[in-house]
DNA sequence: ATTGACCTACCAAACGTTAGGTAGGACATA
DNA sequence: TATGTCCTACCTAACGTTTGGTAGGTCAAT
C-alpha cells in the first residue's frame, strides 16, 4: 500500500481541487475519499502547500503525456489541433469540473509560491504544444506561433469556465464552434 | 452613516471577492476594511449568502451602467466594441484582480443558489450588450450575434484569467491583440 | 418611547497541523 | 532460530486558530 496510498491521495486531491479549488481542498474530506485519516496524509506530504504543488505538477505532467499521445494518434498537426478542445472538454464531462489550473489561477493571491510555479508550468505546456502544432500545420508563421497559441489557450480556458458556470457542456461545444467560425481556431 | 455603511460593505466585499473569491470572503476582514465589527454586518445583511448575492447583483448592475456609458461616449457601435476589453482590463489594473463572476464561476459548486443566479445575470448583461453592438456595427447577422457575443465574452474572461495568473497586464493586452488579429474581435 | 446602528461577548464547527502511539514487516546480529 | 533495532503506514487525540453566526446590550437621533 505504500506507493498506492500516495497515488490515491494525489488522484483524489486532484478531483477535489478541480471542483472546489485550493481553498476548498481539506484534509478531512480528502482522507475520507482515500479511506484513511487526515493525519495520515502527513506521512506522504509535509504540508498542504506541498501536497497541492505535487498535485499541480502531476496535473501538467499528465497533460503533457496526454497531448503527446493525442498528436501521435492522428495523421498530421492540423488534425491534432482540431482535437485540442477535447482535452478541456473532459474536465466538464467529469461532473462539470474545471481545469485545475484555471481554478488555481483565480486563487493565485492565496496560493503558496511552490503551487503558483506549477500552475504556470501547466500553461507553458499547453502553449508550447499548441505553438508547435500551429507551425507544423503551417497555420501561422513561427514568429507568431506563441502569441496565437496563448490566445487559443486563454480562449479555451474561458469557454470551459463559462460552460461550468452554466453547467452546460453543449455551451462549451458551441463556443468552440464559434472560435472556429471566427477564425481563432483552425477550422 | 446608515446607508453609507451598507454601501461601504458592498464596495469592500466586492474588492475582497475579486481577489479571494466567495470562499475567501470573511466577515472579520470585511468588517475591518469598513471600520466596523464583524457582527455589525448582520445588521445590514442576514447571511453571507445574502451579502454575496447583493454584491454580485450590484456588480452586474454597475457593469450594465458602465457598458451603456461606454457606448454613449463613442460615435458608433464599432468604436464601442473596440473599447469592450477595457472594461475587463480595469480589474487587472486594480491590483491584478479578477472579474467577480469569473471567480465565482470557478467556485460554482460551493455557491448558494441565490448567488449563482446573479453570476449568470452578469454574463447575460455582457452577452446582450455585445450582441446588440455586433448587430449595430453590421459585423454579424442578427441570428448569429448571440453566439459570437458569447465567444467574445468567454475569450475575454479567459484572457483576464491567464493574465492574472502571471500578474502581467501586458499579457492581457497582447491576448486582446491576438483575438483581433485572428478575427474573433473586430479590428 | 422607539428605532436604527453598532457594540461586546460569545458559540459550535471546521480548519491545518502536531504529538505520541501502535501494528507489522525487514534485516542484520547473536 | 531467536532477538533487538529500525522502518513504513497508519491511528487517536488534541492543539491553536478561523469560520459563519447569535444573544443581548448601549446610545444617539427621532
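Chains as they are written, first to last, in full-length UniProt numbering: chain A, 1 to 187; chain B, 1 to 187.
Beta carbons are placed, not taken as given, at the ideal position from N, Cα and C, and that holds for glycine.
Looking at chain B, is there any beta carbon in it that lies within less than 8 Å of the beta carbon of residue i?
i	result
residue 182 of chain A	yes
residue 175 of chain A	yes
residue 35 of chain A	no
residue 115 of chain A	no
residue 119 of chain A	yes
residue 77 of chain A	no
residue 42 of chain A	no
residue 130 of chain A	no
residue 58 of chain A	no
residue 67 of chain A	no
residue 179 of chain A	yes
residue 148 of chain A	yes
residue 133 of chain A	no
residue 29 of chain A	no
residue 157 of chain A	yes
residue 25 of chain A	no
residue 110 of chain A	yes
residue 98 of chain A	yes
residue 151 of chain A	yes
residue 19 of chain A	yes
Could you tell me if the beta carbon of residue i falls within a distance shorter than 7 Å of some heavy atom in the ligand ADP?
i	result
residue 78 of chain A	As presented, the structure is devoid of all ligands, the ligand ADP included, so that no description of it is given.
With distances taken from CA atoms, which of the options is nearest residue i?
i	options	result
residue 157 of chain B	B:117, B:49, B:123, B:134	B:123
residue 110 of chain A	B:179, B:21, B:14, B:13	B:21
residue 57 of chain B	B:138, B:181, B:121	B:121
residue 118 of chain A	A:92, A:139, A:134, A:62	A:62
residue 100 of chain A	A:7, A:53, A:46	A:53
residue 78 of chain A	A:137, A:175, A:155	A:137
residue 51 of chain B	B:134, B:11, B:174, B:144	B:11
residue 55 of chain A	A:83, A:115, A:39, A:70	A:115
residue 183 of chain B	B:86, B:93, B:82	B:82
residue 6 of chain A	A:145, A:33, A:180	A:33
residue 172 of chain B	A:65, A:113, A:155	A:155
residue 87 of chain B	B:113, B:24, B:66	B:66
residue 178 of chain A	B:144, B:181, B:168	B:144
residue 188 of chain B	B:24, B:181, B:180, B:168	Any question about residue 188 of chain B goes unanswered here, given that chain B covers just 1 to 187.
residue 8 of chain B	B:59, B:181, B:60, B:31	B:31
residue 4 of chain B	B:29, B:36, B:72	B:36
residue 59 of chain B	B:102, B:139, B:153	B:102
residue 113 of chain A	A:153, A:49, A:23, A:70	A:49
When the cut-off is 8 Å and only beta carbons count, does residue i lie next to chain A?
i	result
residue 107 of chain B	yes
residue 138 of chain B	no
residue 88 of chain B	no
residue 103 of chain B	yes
residue 164 of chain B	yes
residue 81 of chain B	no
residue 187 of chain B	no
residue 154 of chain B	yes
residue 161 of chain B	yes
residue 53 of chain B	no
residue 123 of chain B	yes
Can you have a look at residue i and say buried or exposed, based on whether 16 or more other CB atoms are within 10 angstroms of its CB?
i	result
residue 160 of chain A	buried
residue 89 of chain A	buried
residue 186 of chain B	buried
residue 17 of chain B	buried
residue 170 of chain B	exposed
residue 97 of chain A	buried
residue 95 of chain B	exposed
residue 43 of chain A	exposed
residue 126 of chain B	buried
residue 75 of chain A	exposed
residue 135 of chain B	buried
residue 47 of chain A	exposed
residue 39 of chain A	exposed
residue 85 of chain B	buried
residue 176 of chain A	buried
residue 14 of chain A	buried
residue 68 of chain A	exposed
residue 141 of chain B	exposed
Stretch-stretch touch, CB-based, cutoff 8 Å, three pairs: the segment 97-116 of chain B with the segment 162-170 of chain A: At 8 Å Cβ cutoff, the stretches touch.
Cβ contact check for the segment 117-133 of chain A and the segment 146-156 of chain A: 3 or more pairs under 8 Å: A contact between stretches requires three or more CB pairs, one per stretch, nearer than 8 Å, and the segment 117-133 of chain A meets this requirement with the segment 146-156 of chain A.
3 or more residues per run - each beta strand (DSSP E) lying fully within the UniProt domain "HTH tetR-type" (3-63) of chain B: Runs of the beta strand (DSSP E) spanning 3 or more residues and lying entirely within the UniProt domain "HTH tetR-type" (3-63) of chain B do not occur at all.
Alpha helix (DSSP H) runs wholly inside the segment 65-136 of chain A, at least 4 long, in chain order: Whole alpha helix (DSSP H) segments, 4+ residues: 77-93, 100-106, 113-136.
Ranges of the alpha helix (DSSP H) found wholly within the segment 142-169 of chain A, counting only runs of at least 4: Within the segment 142-169 of chain A, complete alpha helix (DSSP H) segments of at least 4 residues are found at 142-166, given in chain order.
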